[in-house]
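K.L.:
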Amino acid sequence: MATSLSPFHLLNAPDIPLPAPTSTFFTITPPLTSMTDIWRKPGPPEINTFNAPVIYKIINLATFQRVRVTLNGAWDKLYDQGGLVLIVPDPKCSENASEAARNGQWVKSGTEFVDDAPKVGTVACDRWADWSLVTEGIVPASGGGTNVTQVTIEMERRPVDDTLWVYVVQDGKRAGVREVTWLLSLAKHEDGNPKEREAWVGVYAATPTVVEGANPLDVKFEGFELELRDL
Numbered sequence: 001m002a003t004s005l006s007p008f009h010l011l012n013a014p015d016i017p018l019p020a021p022t023s024t025f026f027t028i029t030p031p032l033t034s035m036t037d038i039w040r041k042p043g044p045p046e047i048n049t050f051n052a053p054v055i056y057k058i059i060n061l062a063t064f065q066r067v068r069v070t071l072n073g074a075w076d077k078l079y080d081q082g083g084l085v086l087i088v089p090d091p092k093c094s095e096n097a098s099e100a101a102r103n104g105q106w107v108k109s110g111t112e113f114v115d116d117a118p119k120v121g122t123v124a125c126d127r128w129a130d131w132s133l134v135t136e137g138i139v140p141a142s143g144g145g146t147n148v149t150q151v152t153i154e155m156e157r158r159p160v161d162d163t164l165w166v167y168v169v170q171d172g173k174r175a176g177v178r179e180v181t182w183l184l185s186l187a188k189h190e191d192g193n194p195k196e197r198e199a200w201v202g203v204y205a206a207t208p209t210v211v212e213g214a215n216p217l218d219v220k221f222e223g224f225e226l227e228l229r230d231l
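Each residue of the sequence shown is one higher than the one before, counting from 1 in this note's numbering.
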């Protein structure tokens, strides 16, 4: 296993300084005046949105082993969110990163503000997205205000069957919140051997609800780890 030292890239994030390849701390502040989200549903009306700011690394999906981050924010608007995202971009849109992400397949997991409380939201999107919510792992952020919470999220390949597991980590213990059975299989030939398939792994934040006069959402990430396996 090896830690990825490849460069970071930015998507939908013109105002964020490009982090150094070894950076483990980031802050993303989505724009206040426009809706940002990562979401796809058949509707009606049909929605296919991928305009949230993302900081990510490019890898071969077949080498993915694990990614983890701790994030915090003062969540207060409906669907305020931030967390990890794993994207398999559409190769037919290779000249346009935003379209490649929008038409690709992806999994995101992190904090999402729903029913007046922060929860852990996880979404997996093949053709269309689904969505699940749990309350485990959300704790007050150390040194933050009364409404600032944090959570540690981890995504990991399970070697026995090459499925992607999403975990909440608290007090050194992991609790599984989602198994995504299909995503890592996108980097396999029909005979099961690995094949080259580009993937983007990183962090994101979004504010799907725009409220006039609202405070900006500053999502702070720390302890970012991306581990790759040898083939």
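The C-beta atom is built at its ideal place from N, Cα and C for all residues, glycine as well. Note that the coordinates shown come from a computational prediction; the quantities given were computed from them, not determined experimentally.
(1) Since I believe G82 is in contact with V166 (beta carbons under 8 Å), could you give me their beta-carbon distance rounded to a whole number of angstroms?
(2) So which of E154, T3 and N96 has the shortest CA-CA distance to L164?
(3) Cα separation between G43 and D130?
(4) Does A101 come out as helix, strand or coil in the three-state DSSP assignment?
(5) Do you know whose CA, among T49, G110 and P89, lies nearest R178's CA?
(6) Given a cut-off of 8 Å on the beta-carbon distance, is the pair V168 and V120 in contact?
(7) Take the Cβ of S4 as the centre, count every other Cβ of all protein chains shown within 10 Å, and call the residue buried at 16 or more, exposed below.
(8) Under three-state DSSP, which class holds K92?
(9) Of the choices L32, N51, S34 and G176, whose alpha-carbon is the least far from that of L10?
(10) Starting from F113, follow its DSSP beta bridges and name the residues at the other end.
(11) Pair every Cβ in the region 58-66 with every Cβ in the region 90-101, then say whether three or more of these pairs are closer than 8 Å.
P.N.:
In short:
(1) Contact between V166 and G82 is ruled out by a C-beta separation of about 15 Å, above the 8 Å threshold.
(2) That would be E154, whose Cα lies nearest to the Cα of L164.
(3) One alpha carbon belongs to G43, the other to D130, and they sit about 13 Å apart.
(4) Helix, per DSSP.
(5) Nearest of T49, G110 and P89 to R178, Cα basis: G110.
(6) Yes. Within cutoff.
(7) Buried.
(8) Residue state for K92 is assigned as helix, using DSSP reduced to three classes.
(9) Shortest Cα-Cα distance from L10 to any of L32, N51, S34 and G176 involves N51.
(10) P118.
(11) No: fewer than three Cβ pairs fall under 8 Å.
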